[in-house]
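**Q** Those letters in the sequence shown? Residues -24 to -1, 1 to 142, per mature numbering (1 follows the signal peptide of the UniProt record, and there is no 0), in order. By construction, the Cβ of each residue, glycine as well, lies at the ideal position given by its N, Cα and C atoms. Only a predicted model underlies this, so the values are computations on that prediction, with no experimental measurement involved.
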Amino acid sequence: MEMSKIALAIFTLISLAIVHHSHAQNSPQDFLNAHNAARASVGVGPMRWDNNVAAFARSYANKLKGDCRMVHSGSSYGENLAWGSADLAGTAAVKMWVDERPNYDYNSNSCVGGQCLHYTQVIWSNPVRLGCAKVRCNNGGTIISCNYDPPGNYNDQRPFEFVSSS
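Right, dumping it as structure tokens:
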């Protein structure tokens, strides 16, 4: 009897640690920190969390949860979507987008050698409001939607301008 109480206590502690760890990577502050770290690395100012933008992200992500297809909303917000076959953390989604950085060439303002438009949306200087949501899909996967207001990724515009130090 005593051994089963100890086993139950250990199981409960591990479960709480997993839930806390998972939640900690999906909080608004974690989404903001991941975005703002990438932005700071190129000299772009921080964004702030916006509950209205987050409500849109959640509403749209919930529409995708049936089959977890990554189809953009076509809204007036900028948007990044990420999908994972398991429990994808929000910070991992932002890392996937930021990992496109080597594919972006500032001088030609183009993607070279792969996709980079998720990255440029993250670092685009205009968006000042961010809202993200994570939804578990019916197939067990995860979809993450981050929306940006105002949007970025305008043709023939750079995501940010270098400021000359001379």
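(1) Pick helix, strand or coil for TRP59, following the three-state DSSP scheme.
(2) For THR118, which residues does DSSP report across the bridge?
(3) Here's a check: name, in chain order, each residue in its chain whose Cβ is nearer than 7 Å to the Cβ of ASP81, leaving out the five neighbours to either side.
(4) Could you check the C-alpha separation between PHE(-14) and ASP6 for me, to the nearest Å?
(5) Grouping DSSP H, G and I as helix and E and B as strand, with all else coil, what is ASP132?
(6) Between which two residues does the alpha helix (DSSP H) carrying TRP73 extend?
(7) For the region 114 to 125 against the region 50 to 58, are there 3 or more C-beta pairs whose distance is under 8 Å?
(8) Per the DSSP calculation, SER84 is bridged to which residue(s)?
(9) Please say whether MET23 and ARG105 have beta carbons closer to each other than 9 Å?
(10) Counting along the chain, where does the alpha helix (DSSP H) carrying GLN5 start and finish?
(11) What three-state label does DSSP hand ASN28 in the structure shown?
(12) Are GLN133 and ASN85 closer than 9 Å when you measure CB to CB?
(13) Over the uninterrupted alpha helix (DSSP H) stretch that includes VAL98, give me the two end residues.
(14) What is the DSSP secondary structure of ASN102, counted as helix, strand or coil?
(15) Under the assumption that ALA33 contacts ALA109 (Cβ atoms under 8 Å), give the Cβ distance between them as a whole number of angstroms.
(16) If contacts are defined as beta-carbon pairs under 8 Å, then residue 160 and VAL20 qualify, I think. What distance do you get, rounded to the angstrom?
**A** With the structure as the only source:
(1) strand
(2) GLY60, ARG112
(3) VAL88
(4) Unreliable positioning characterises PHE(-14) in this predicted model, as indicated by a pLDDT of 36, which lies under 50. A coordinate reading is not provided.
(5) coil
(6) 66 to 74
(7) yes
(8) Beta-bridge pairing links SER84 to no other residue.
(9) yes
(10) 4 to 16
(11) helix
(12) yes
(13) 93 to 99
(14) coil
(15) 4 Å
(16) Nothing in the structure corresponds to residue 160, since the chain is present only between -24 and 142.
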